[in-house]
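Asker: Residue numbers (my numbering): 118 to 276.
Even glycine gets a Cβ: it sits at the ideal position worked out from N, Cα and C.
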Amino acid sequence: MRILMVCLGNICRSPLAEGILRYQLEEKGIFDIEVDSCGFEAYHLNDSPDKRSVEVGLKYGIDIRSQRQRLFKYEDFEKFDKIYVMDSNNYSDIASMALTKNDLKNVDFITNILYPNQNKAVPDPYYGGKDGFEKVYKMLDECCKAIIENFKKGKLIVE
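#1: Report the residue from 196, 156, 130, 260 whose alpha carbon sits nearest the alpha carbon of residue 210.
#2: Helix, strand or coil, according to DSSP, for residue 194 in the structure here?
#3: Cβ of residue 125 within 8 Å of Cβ of residue 158?
#4: From which residue to which residue does the beta strand (DSSP E) around residue 154 run?
#5: Grab me the residues of residue 203's own chain with a C-beta within less than 6 Å of its C-beta, minus the 5 sequence neighbours each way, in chain order.
#6: Going by C-alpha to C-alpha distance, which of 199, 222, 244 sits closest to residue 264?
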């Protein structure tokens with residue numbers, strides 16, 4: 118099983134989501150899920166996550182400092198079993214790269230795992246303060262817990 122987390126710059130939300138899910142999977146002894154993250158803006162290509170994402174992760178025992186920003190590429194549709202986006206702009210960016218409807222079959226908002234079909238956004242904390250990163254962490258933490266529960270029930274892939 119391969120899961121991809123996607124946000125705009127791949128320095129705030131998606132690397133935090135990747136780190137949280139990896140941490141939770143390891144805690145549960147689940148080692149057959151690969152997790153990665155990426156974005157759409159090249160401003161921070163190959164950079165580490167935003168220091169505020171790193172700080173909030175470390176606060177909860179999650180070290181994302183070794184992650185590096187990368188861009189979404191068409192091959193990700195084939196490589197990943199599930200692609201989670203953080204907001205409607207991310208979904209639109211992915212949809213613009215899809216060549217067929219089939220490419221989008223496993224793309225979903227990460228929040229839909231908790232609030233089915235509501236397409237709630239995980240807010241981008243980049244231009245805010247540390248409290249925004251804390252809020253995003255808590256949202257993603259809950260979503261990642263639900264991803265694992267659904268995986269255990271065999272319900273991860275939504276067709």
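Answerer: According to the structure shown:
#1: 156
#2: Reduced to three states, the DSSP call for residue 194 is helix.
#3: Contact check for residue 125 against residue 158 passes: the beta carbons are separated by less than 8 Å.
#4: 151 to 155
#5: 124, 130, 239
#6: 199
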